[in-house]
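Here the numbering used here is used: the first residue of the first sequence is 30, the next is one more, and so on.
Glycine is no exception: its CB is placed at the ideal position from the N, C-alpha and C atoms.
Quick caveat: nothing in here was measured; it's all calculated off a predicted structure.
As structure tokens, the structure follows; a few thoughts come after it.
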Amino acid sequence: MATYTPSEIEARWQEAWDKADVFKATRTADKPKYYVLEMFPYPSGRIHMGHVRNYTMGDVIARYKMSTGHNVLHPMGWDAFGMPAENAAMASGGHPKDWTYGNIADMRSQMKPLGLSIDWSREFATCDPEYYGQQQALFLDMLEAGLVYRKNAQVNWDPVDMTVLANEQVIDGKGWRSGAEVERRELTQWFFKISDMAGELKSALDGLDNWPAKVRLMQENWIGESRGIEITFHRTDGNGTIQCYSTRPDTMRGASFIAIAPDHPVAQTLEADRPDLAAFIDECRKMDTTEAAMEKAEKKGVDTGIRVKHPIYDDVELPVWIGNFVLMDYGTGAVFGCPAHDQRDLDFAQKYGLFVQNAFFMPGDDTPVTTEALVPAKTEKVVYIDHFTGIAEATSQHGIDATIDWFEDKGLGTGQTQYRLRDWGLSRQRYWGCPIPVVYCDDCGVVPEKKENLPIALPYENGNEPIDFSVPGNPLDRHPTWRDCACPACGKPAKRETDTMDTFVDSSWYYARFTAPQAQSPTDMAEADYWMNVDQYIGGIEHAILHLLYSRFFARAMHITGHLPKSASEPFDALFTQGMVTHAIYKRDDPQTGRPIYYYPEQVSLRDGKAFLTEDGTEVDIVPSAKMSKSKNNVVDPLNIISNYGADTARWFVLSDSPPERDVEWTASGAEAAYKHLSRVWSICDRIAAMNPDAAGEGDEELLRAMHACIHDVTMGIESFGFNAAIAKLYGFTATLQKSKAGHAAQREAIITLAQLMAPMTPHLSEDIWAHQGGTGLIIHAPWPRADDAMLKSDTVTLPIQINGKRRGEINVPADMDKAEVEKTAMATDAVQRALNGGQPKKVIVVPGRIVNVVV
RNA sequence: GCGGGCGUGAUGGAAUGGUAGACAUAUCGGACUUAAAAUCCGAAGGGCUGAUGCCCGUGUGGGUUCGAGUCCCACCGCCCGCACCA
Numbered sequence: 030m031a032t033y034t035p036s037e038i039e040a041r042w043q044e045a046w047d048k049a050d051v052f053k054a055t056r057t058a059d060k061p062k063y064y065v066l067e068m069f070p071y072p073s074g075r076i077h078m079g080h081v082r083n084y085t086m087g088d089v090i091a092r093y094k095m096s097t098g099h100n101v102l103h104p105m106g107w108d109a110f111g112m113p114a115e116n117a118a119m120a121s122g123g124h125p126k127d128w129t130y131g132n133i134a135d136m137r138s139q140m141k142p143l144g145l146s147i148d149w150s151r152e153f154a155t156c157d158p159e160y161y162g163q164q165q166a167l168f169l170d171m172l173e174a175g176l177v178y179r180k181n182a183q184v185n186w187d188p189v190d191m192t193v194l195a196n197e198q199v200i201d202g203k204g205w206r207s208g209a210e211v212e213r214r215e216l217t218q219w220f221f222k223i224s225d226m227a228g229e230l231k232s233a234l235d236g237l238d239n240w241p242a243k244v245r246l247m248q249e250n251w252i253g254e255s256r257g258i259e260i261t262f263h264r265t266d267g268n269g270t271i272q273c274y275s276t277r278p279d280t281m282r283g284a285s286f287i288a289i290a291p292d293h294p295v296a297q298t299l300e301a302d303r304p305d306l307a308a309f310i311d312e313c314r315k316m317d318t319t320e321a322a323m324e325k326a327e328k329k330g331v332d333t334g335i336r337v338k339h340p341i342y343d344d345v346e347l348p349v350w351i352g353n354f355v356l357m358d359y360g361t362g363a364v365f366g367c368p369a370h371d372q373r374d375l376d377f378a379q380k381y382g383l384f385v386q387n388a389f390f391m392p393g394d395d396t397p398v399t400t401e402a403l404v405p406a407k408t409e410k411v412v413y414i415d416h417f418t419g420i421a422e423a424t425s426q427h428g429i430d431a432t433i434d435w436f437e438d439k440g441l442g443t444g445q446t447q448y449r450l451r452d453w454g455l456s457r458q459r460y461w462g463c464p465i466p467v468v469y470c471d472d473c474g475v476v477p478e479k480k481e482n483l484p485i486a487l488p489y490e491n492g493n494e495p496i497d498f499s500v501p502g503n504p505l506d507r508h509p510t511w512r513d514c515a516c517p518a519c520g521k522p523a524k525r526e527t528d529t530m531d532t533f534v535d536s537s538w539y540y541a542r543f544t545a546p547q548a549q550s551p552t553d554m555a556e557a558d559y560w561m562n563v564d565q566y567i568g569g570i571e572h573a574i575l576h577l578l579y580s581r582f583f584a585r586a587m588h589i590t591g592h593l594p595k596s597a598s599e600p601f602d603a604l605f606t607q608g609m610v611t612h613a614i615y616k617r618d619d620p621q622t623g624r625p626i627y628y629y630p631e632q633v634s635l636r637d638g639k640a641f642l643t644e645d646g647t648e649v650d651i652v653p654s655a656k657m658s659k660s661k662n663n664v665v666d667p668l669n670i671i672s673n674y675g676a677d678t679a680r681w682f683v684l685s686d687s688p689p690e691r692d693v694e695w696t697a698s699g700a701e702a703a704y705k706h707l708s709r710v711w712s713i714c715d716r717i718a719a720m721n722p723d724a725a726g727e728g729d730e731e732l733l734r735a736m737h738a739c740i741h742d743v744t745m746g747i748e749s750f751g752f753n754a755a756i757a758k759l760y761g762f763t764a765t766l767q768k769s770k771a772g773h774a775a776q777r778e779a780i781i782t783l784a785q786l787m788a789p790m791t792p793h794l795s796e797d798i799w800a801h802q803g804g805t806g807l808i809i810h811a812p813w814p815r816a817d818d819a820m821l822k823s824d825t826v827t828l829p830i831q832i833n834g835k836r837r838g839e840i841n842v843p844a845d846m847d848k849a850e851v852e853k854t855a856m857a858t859d860a861v862q863r864a865l866n867g868g869q870p871k872k873v874i875v876v877p878g879r880i881v882n883v884v885v
């Protein structure tokens with residue numbers, strides 16, 4: 030043993046793990062199972078520090094659970110369908126399949142040196158026909174179970190490229206390639222009936238105790254349960270009614286207009302005869318379809334000329350407007366506007382000269398609303414007038430509840446629980462996705478493909494048929510033969526669906542597939558029953574809503590279709606959302622153009638907290654803690670770190686400096702420090718190994734006490750995702766061991782325990798120390814150290830003494846001293862005597878083992 | 001716009017409502033060295049004081065409490081998501 034050489038150590042132990050096949054997961058009854066899963070990556074081609082952090086966290090849990098006697102499943106795969114592959118094909122020729130599998134091979138080889146405890150025998154990519162074929166089977170089962178249906182929906186349409194665009198491809202309302210103004214276009218598309226489960230998906234959130242509260246709250250708000258009422262408005266022209274959904278029927282007195290969605294049937298019937306309406310509707314169709322854009326856009330409308338009767342006041346007529354802010358998907362696609370109690374409605378009313386009328390007032394203030402809407406909190410008391418006087422005298426919430434009943438009693442409306450959650454449109458007009466396995470037959474209509482014909486493979490799979498990416502649009506549409514097939518029902522020539530599935534479908538059930546990746550059906554129930562649920566799921570907060578909600582829906586759908594047990598309806602028992610890895614940006618404004626120039630970390634030298642170009646010494650600006658981004662040149666390649674310092678250093682650092690749920694800033698000095706620390710541990714091991722085995726020393730007990738405290742703290746840290754705190758304790762204990770003059774036996778016990786406690790984070794170094802200290806077998810198989818309670822307790826405690834809540838002194842007392850005695854001791858101290866100045870304290874609070882506070 | 005989160009030394013951060021700043025970086029001092037690097041030892045929130053000590057201090061302003069970084073209210077700033085990016 031000489032110096033710490035991670036490259037040699039890490040290769041050696043990875044080989045040893047491979048040889049012993051230690052990470053292969055097999056169903057067995059003699060150990061409790063533990064399934065740990067990190068959100069699988071998209072194969073972009075390069076792993077980045079965010080991946081390293083994510084997988085290292087999962088690895089820490091997996092290895093810790095192995096050493097606590099669990100049968101651990103820790104798989105890895107690839108979320109491999111998606112637009113970037115098609116974009117690459119369009120940009121530089123080639124085929125998405127080659128690009129994707131090439132990237133997977135690259136990324137796998139970049140991940141292996143990290144020494145992750147992954148069962149690679151279960152690896153799959155979602156673009157493997159073996160995977161998406163089972164996904165098609167699942168789709169057919171869901172179709173049969175009534176969980177899938179077709180309806181019209183809008184897409185972003187690029188009129189120049191003649192293709193559907195993803196939201197991401199729409200930039201300022203224009204197509205990203207053509208620059209043409211994007212339109213909305215209606216297509217018939219497939220939908221999952223997730224809204225049927227809205228209530229269940231919401232109420233089941235309560236049981237997810239080991240999910241972050243913020244994620245549960247975000248999902249709850251996303252599902253958006255609201256109690257309201259559907260009210261019928263009668264048209265004065267006698268041409269039927271308009272149904273409005275409202276969560277605020279208590280504001281009905283102040284209703285001054287009806288607003289309907291541009292694609293509301295009433296609006297569409299008027300379009301032909303009214304060029305002004307048609308033009309407006311057309312303008313609405315050009316609007317960005319994202320919710321953020323809709324909300325931010327100026328609220329505009331056009332009067333249709335239609336009038337409806339106010340449901341309560343016979344003499345009041347309300348104009349019906351088309352509003353660009355009304356969504357057809359939510360409620361009935363029509364709302365009534367009450368300007369007095371809604372700022373958006375007030376702005377709209379003022380813009381178009383509509384009247385403003387209060388429905389209620391705040392107690393003691395009956396000033397009518399003019400420029401600012403009166404929007405009370407639901408718990409605030411309000412005073413209703415007219416029809417609602419007296420029925421709703423408590424709070425605003427009472428008013429809403431009471432008026433819903435009032436309208437129902439009068440037969441004017443129907444109470445309804447409405448969800449914001451919309452059905453999940455899964456059709457994508459793209460090539461690189463899972464084909465939707467249905468066939469269109471002139472005679473039989475829409476026919477599901479037969480299961481024995483699955484997988485319906487992408488054309489490339491059937492023998493290198495050329496796919497043309499030189500023009501935009503879906504290559505499946507223009508493929509010469511792929512669409513042609515026999516109708517599964519009648520056998521006559523028919524055409525395949527050319528839409529593929531949203532890639533979110535792929536990631537909504539992969540966790541279940543990992544339990545039996547080679548099964549000839551979507552899952553193997555025996556395996557699923559054993560391995561599900563995922564005990565710990567780890568990934569980015571950016572997936573807090575869609576991916577996790579879709580997965581929860583799919584787990585339920587898979588139960589309904591017989592592919593998962595009911596107990597797996599909530600697939601992820603515990604969820605952890607980790608933060609990003611950030612890095613400072615080094616930049617300087619170009620003196621000529623004024624545009625910023627970004628420099629790579631390697632081009633910069635740091636001195637006294639300032640950054641200088643290594644080349645010529647020019648000072649550059651430092652922007653701290655920015656998301657790593659290729660365009661800002663602030664990306665650190667994990668492979669460079671591994672080749673310079675080793676995987677253990679990279680793993681140690683990404684866990685060390687920040688709490689895992691928060692962002693961590695990558696710094697060269699931090700990585701250096703991690704490396705130095707591991708070297709230090711290594712040299713301590715070296716020193717102890719060189720000691721005389723019989724050598725006695727001083728402070729054995731202190732060292733062992735510190736060791737047991739460290740076992741306790743690190744165990745707690747790992748169990749509670751406090752990896753940074755656990756690492757801080759390991760630093761502390763390492764320093765103690767380094768300075769220790771204890772005998773060989775105690776020091777050897779300490780270094781072995783230290784290696785074990787570090788093993789989840791730095792598995793290679795730990796194996797090596799274990800071997801050098803004569804441990805038997807592999808450290809990964811050694812049981813986790815246990816803290817001895819007797820060694821954690823100490824005889825005396827130091828209690829701080831506070832005077833009026835400010836620390837003024839301390840006392841050392843026996844740990845078991847009773848309260849009265851502690852108080853007496855505290856009162857006798859100089860600090861307290863000085864503060865009392867001969868008087869008596871007003872109050873003395875003694876918290877045993879914690880603190881004494883004297884109030885004077 | 002809506003929803004969610006975060007804000008503590010020069011920096012990353014620690015702190016079951018109970019000694020604010022653990023641990024690490026950067027900085028400074030010391031040992032070793034011809035010198036430097038590496039390594040080891042030590043100092044360090046700000047202000048006043050010779051020291052013991054005192055005052056101030058967790059984005060801002062209020063509140064609850066014997067006691068608030070932590071809980072509540074309002075505000076400011078930054079970050080994430082918003083349904084066809086993965």
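Give the DSSP bridge partners of residue i, in chain order.
i: Val710; result: For Val710, which the question treats as bridged, DSSP gives no partner whatsoever.
i: Gly98; result: Beta-bridge pairing links Gly98 to no other residue.
i: Thr446; result: Arg256
i: Lys661; result: Answer by DSSP bridge pairing: none, since Lys661 is not bridged.
i: Asn268; result: Paired residues: none, contrary to the question.
i: Ser685; result: DSSP lists no partner for Ser685.
Using the Cβ count rule (16 or more neighbours within 10 Å means buried), how would you classify residue i?
i: Phe384; result: exposed
i: Met30; result: Any reading at Met30 must be qualified, since the residue scores a pLDDT of 45, below 50, and its modelled position is unreliable; the value itself is stated next. Answer is exposed; the Cβ neighbour count stays below 16.
i: Gln767; result: exposed
i: Ser698; result: exposed
i: Glu67; result: buried
i: Tyr160; result: buried
i: Cys470; result: buried
i: Ser580; result: buried
Looking at C-alpha atoms only, which residue of the options is the closest neighbour of residue i?
i: Leu487; options: Leu642, Met112 and Lys126; result: Lys126
i: Asp817; options: Trp149, Cys739, Arg879 and Ile485; result: Cys739
i: Thr527; options: Leu505, Asp535, Met95 and Glu173; result: Leu505
i: Glu730; options: Trp695, Lys770 and Ile567; result: Lys770
i: Ala811; options: Tyr93, Arg75, Tyr64 and Lys60; result: Tyr93
i: Gln218; options: Val633, Lys180 and Val211; result: Lys180
i: Asn663; options: Ala613, Gln632 and Lys822; result: Ala613
i: Gln687; options: Arg264, Gly608, Phe365 and Thr678; result: Per the sequence shown, residue 687 should be read as Ser rather than Gln. Cα-wise, what sits closest to Ser687 is Gly608.
i: Asp723; options: Gly772, Met846 and Val337; result: Gly772
i: Phe168; options: Cys463, Ile780 and Lys848; result: Cys463
i: Pro625; options: Asp602, Val652 and Leu635; result: Val652
Can you give the beta carbon distance from residue i to residue j, rounded, assuming they're within the 8 Å contact cut?
i: Lys325; j: Phe377; result: That belief does not hold up - the Cβ atoms of Lys325 and Phe377 are roughly 15 Å apart, past 8 Å.
i: Pro546; j: Phe153; result: 5 Å
i: Asp859; j: Pro843; result: That belief does not hold up - the Cβ atoms of Asp859 and Pro843 are roughly 21 Å apart, past 8 Å.
i: Ile433; j: Ile258; result: 5 Å
i: Val404; j: Gln372; result: 7 Å
i: Leu347; j: Ser285; result: 7 Å
Contiguous beta strand (DSSP E) assignments of at least 3 residues, all confined to the segment 593-637:
Counting whole runs of 3 or more residues, the segment 593-637 contains the beta strand (DSSP E) stretches 604-607, 610-618, 625-628 and 633-636.
At what residue ranges does the segment 812-842 contain a whole run of the alpha helix (DSSP H), taking only runs of 4 or more?
If we require 4 residues or more, the alpha helix (DSSP H) runs fully inside the segment 812-842 come out as 818-821.
Counting only runs of 3+ residues fully inside the segment 304-369, write out the beta strand (DSSP E) ranges in chain order.
330-338, 346-352 and 363-366
Could you give the uninterrupted runs of the alpha helix (DSSP H) lying entirely in the segment 561-589, keeping only those of 4 residues or more?
575-589
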